[in-house]
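Chains as they are written, first to last, in our numbering: chain G, 1 to 462; chain H, 1 to 272; chain L, 1 to 431.
Yeah, the Cβ is synthetic: ideal placement off N, Cα and C, and Gly gets one too.
Quantities reported herein were computed from a predicted structural model and do not represent experimental measurements.
Below, the structure is given as structure tokens:
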């Protein structure tokens, strides 16, 4: 609540400066008979921005910074007998203190935790006072500075526009920061994982059997029962993706051909959005559908045919995922088929070829790169898909090509490892980040290649 | 190269009198590049006070590009680069401390295709005065809008539907609306880039009449495809070919006694 | 040329002979296309049919009507209607007594089983009733209580009374009690007031989506407040302001790549950056909204850029021609004209965010939280995650509740998408 009030007060001060600036500019305008460089409200905006931006900057820096500072400062208040203990972990101690600060007290925490929490609370109060006074002072001081700059020759419009342009440019950099954040969050942990488990074992091992082993054992590099060979996971991922492609490529491609070449405009208007609904259904719904409708259905059908179908078979997940990616293939293929110039079709029809011949021998070969790109994009979608496999595929890391057996995938392992309680520093937790890194690399490569093909293809017809 | 030498070179190229006694706009040795391509080659010309001057020439000769240099519209194109000097009342408009915004308020522009904003007729005309803060109150703004529409000869046709969208007017009306919009900010010079090329003959006739009238108040530079139009509306004419200014002179003389053989070829229909 | 040119007559003949085969091929391709479309449509219909038939009963449940003696002494021992006082009261005993007076259980075991017939939320229900209307005290009023989920499933026919007692979830005793209750017309099948008003609960008969619903609204609000301004600002910068140089190119490639990153990876980033490094709490809508915002940002940027590109250059020229500055052109003309397209993209992005589950699992929004979140800093969950959690529970009744929650989620998604389509149709401008 404190933060909220502080922000409101800062906003109010900056609005005050807006009106002061506006009034001053109007006065100047009367004095100089319309010879003012900019419209009066730009002077107001300038004063507003001058007051608001520096204090907001200080506010965010300080609120982000104080946690770092406190957790560093608290270190010296943790008693020696705790820090010297064998299973001591600073992050756990910090979490205990933080919980106590937030009033989440489980059982009776040790005395030092309560003391440290009290200390922490007093620091928070002090820092609140410092932040508030600093922000308010800055907003008044910088607002006054902005006000002082208002005179007849000051180009306030240009100044305001420059600030806004900078803000716009800054927001576009968020995309880069996001990418950096993603890389940062997986690479560091992955490096630590590869320090524990050799990279070749991860990439080429055929057994995936992670266990929580306690931080100290994994830390000392001792090999326990755990094995981190990722091949079964990738095999499972690609098996499910392959099944999905077997469903979605024929259905998607034929739908695209039909919609772009054969369908009347009415049919097109009806079926195109209908196919796109499939892409809009949340994946958790598909997962539920796969686990509770498709999987039991396959199991009963299988047992009638005398086949033993696992209740969490790759087939169920793959089929449903196939349904999900139909629209990715159909709408992108539809786009590229439509982009084939009409003149090529006319050439075909002019020779007296049937629609079938025109489509298969002229249009489709011309559109082939785009179609391939759409399939690659669909595969990358399937590889990264999480909820369907979490809900419908199992957790058993079988290395098999039999679609009736249970397999597991990269994404479902990531979710299982990272959801819920984690052990700090354990190879199991870290393995999720290594899996994520591999997953990102694979999907990005596919995406890159697909976009490259599409771009080349577009250039061909432009 | 000294300025003198440059002047000499350009004068050597251009036939006729490029200078004007009461010059408002002066272009000196202007070169324009699109990337590596040279679009305007060393052009020097004056635009006089309250005179109507036409730029003619075959398509792609650079006349529109050159026109857009006068109000720095080429700034909006990234790859466009300009050398040389253009002055408005002896002030270099490409000087680094010149703000293009007031400059464009002084030098208005009307475009090839009528391009009213998708707003009401009133808002279209009032937009300029609003952003430049020309009017103190609503009544003043109303009278500016009315006067501009009257000068553009549109008032009688639209005074009962000022709040309906400007895009709903006919092509000729839209173009007159654009002219009204340009004169609402009280410019000193109006640049017109083939203002009638998208219009039918009747609308064209109305616009030409309007240009003729406006010529008493403003300096007008008009780029046109049609030699007849140039002959009808302007006192001076400049003929461009492949980015070069070939010949400048009184309109009558250019059309009756062209001095340069390329001008003659164009006028007699051999280039086009 | 060694071979002679084909004689036209001969050619006509050849074509004539083969035409039937070629036509057949043509028809076959058309048929394949129709089958493909038909299959896709069937998948869709089957998906919706299966969800709706399962989910529709989830909006209803069985209730039992009992005569409750509202005895103030026993329900509200402190007499101040406070939570602690009502908690100390013995409302459940009153309900059980009323129940026992009808079914009359004999023996300890039967009584124990009988107590479970009425959902364990009975005391809360009575507490709520007397809080809303203290004048109930001293009266005997008929009150409806939800039945336990096993009995609910039995009444729906999922539990067969012919199976041996040891193999079914409810005993013969309970079946007899339920029969007795239905003989007295005390059992009714009604619209469930828990599905919409209830929150997460381990008892399926009391579980509802209220908490998840508000969690979704809070999370989406955060997402919208972050993603929309950032997305539009980025799109405007890239289309209108940025010079075409290396940095712009890097940003563009970045945005395209972000659109391809699997959603679960955004969750990992949220976990590593927002929670581990910035020390934000787990499970809160603020972090969820931030993660979803970064995830939907590419969608919004890409569609906003397309919308900006569709604004004709003549409008910009016109504004520049009168002396508008770059920002005036952008804010007075380009953004208003591109707004419908930007909004459409944003709504589609929000629909995507509303249905997203995986990244939110990563940042701990999967926790079991009974309270409805009041602010973006309160722990909460969202609809799709609630669906995911319910789908994992073993109780039969949760399947119906899950499907009912899915229907509600799909309802919102369809509404949002329909609104986007409407907006596009309505505000679309032809230049």
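Within the same chain, no residue comes within 8 Å of residue 61 (chain G) by CB-CB distance, once the 5 residues on both sides are set aside.
The C-alpha of residue 63 (chain G) lies about 19 Å from the C-alpha of residue 97 (chain G). Judged by pairs of C-beta atoms under 8 Å, the region 345 to 363 of chain L touches the region 225 to 233 of chain L, as three or more such pairs exist. What residue 225 (chain H) touches in chain L, judged by beta-carbon distance under 7 Å, is nothing: the nearest beta carbon there is about 18 Å away.
Beta-bridge pairing by DSSP links residue 336 (chain L) to no other residue.
Within chain H, the C-beta atoms nearer than 7 Å to that of residue 39 (chain G) come from 133, in chain order.
Taking CB atoms only, residue 99 (chain H) has a neighbour in chain G less than 8 Å away.
Against chain H, the beta carbon of residue 244 (chain L) has neighbours under 7 Å at 78, listed in chain order. Annotation for residue 303 (chain L): 345 place their beta carbon closer than 6 Å to its own, counting only its chain and skipping 5 residues before and after.
Per DSSP, reduced to three states, the secondary structure at residue 140 (chain L) is strand. For the C-beta of residue 356 (chain G), not a single chain H residue is nearer than 8 Å; the gap to the nearest is close to 44 Å.
At a cut-off of 8 Å between C-beta atoms, residue 391 (chain G) counts as an interface residue with respect to chain L. Apart from sequence neighbours up to five positions away, the residues of its chain that approach residue 287 (chain L) with a beta-carbon distance below 7 Å are 270, 274, 275, 280 and 363, ordered along the chain. In this model, residue 63 (chain L) and residue 187 (chain L) are separated by some 6 Å (Cα to Cα). Annotated three-state conformation of residue 365 (chain L) is coil, per DSSP. The way I'd put it, the region 369 to 385 of chain G does touch the region 239 to 250 of chain G; three or more beta-carbon pairs between them come closer than 8 Å.
Residue contact with chain H for residue 322 (chain L): present (Cβ-Cβ distance below 8 Å to some residue of chain H). By the neighbour-count criterion, in which a residue is buried when 16 or more other Cβ atoms sit within 10 angstroms of its Cβ, residue 102 (chain H) is exposed.
Shortest Cα-Cα distance from residue 49 (chain L) to any of L:386, L:21 and L:403 involves L:403.
Residue pairing by DSSP places residue 69 (chain H) opposite no residue, since no beta bridge is assigned to it. Listed in chain order, the non-local C-beta contacts of residue 131 (chain L) below 8 Å within the same chain comprise 81 and 86, local neighbours out to five positions each way being set aside. Under the DSSP definition of a beta bridge, residue 46 (chain H) partners with H:26.
Looking only at G:353, G:185, G:372 and G:53, the smallest Cα-Cα distance to residue 20 (chain L) is reached by G:353.
The alpha-carbon separation between residue 128 (chain G) and residue 7 (chain G) amounts to approximately 12 Å. When Cβ-Cβ separations below 8 Å define contact, residue 402 (chain L) makes contact with chain G. Rounded to the nearest angstrom, the gap between the Cα atoms of residue 288 (chain G) and residue 391 (chain L) is 7 Å. Within the region 146 to 163 of chain G, contact with chain H at the beta-carbon level (separation under 9 Å) is assigned to 155, 157 and 158. Between residue 117 (chain G) and residue 100 (chain G), the alpha-carbon positions lie close to 6 Å from each other. Around residue 67 (chain G), the beta-carbon contacts reaching into chain L at under 7 Å are 279. Exclusion of the five residues before and after residue 28 (chain H) leaves 44, 84 and 85 as the residues of its chain whose Cβ lies within less than 7 Å of its Cβ.
Checking the DSSP bridge columns, you'll see residue 50 (chain G) has no partner listed. An exposed status is given to residue 73 (chain G), since fewer than 16 other beta-carbon atoms sit within 10 Å of its beta-carbon. Between residue 300 (chain L) and residue 231 (chain L), the gap from beta carbon to beta carbon is short of 8 Å. Residues of chain H whose Cβ lies closer than 8 Å to the Cβ of residue 318 (chain L) are, in chain order, 111, 115, 116, 117, 178 and 181. At a cut-off of 8 Å between C-beta atoms, residue 166 (chain H) does not count as an interface residue with respect to chain L.
The region 171 to 181 of chain H and the region 195 to 206 of chain H touch, with no fewer than 3 CB-CB distances between them shorter than 8 Å.
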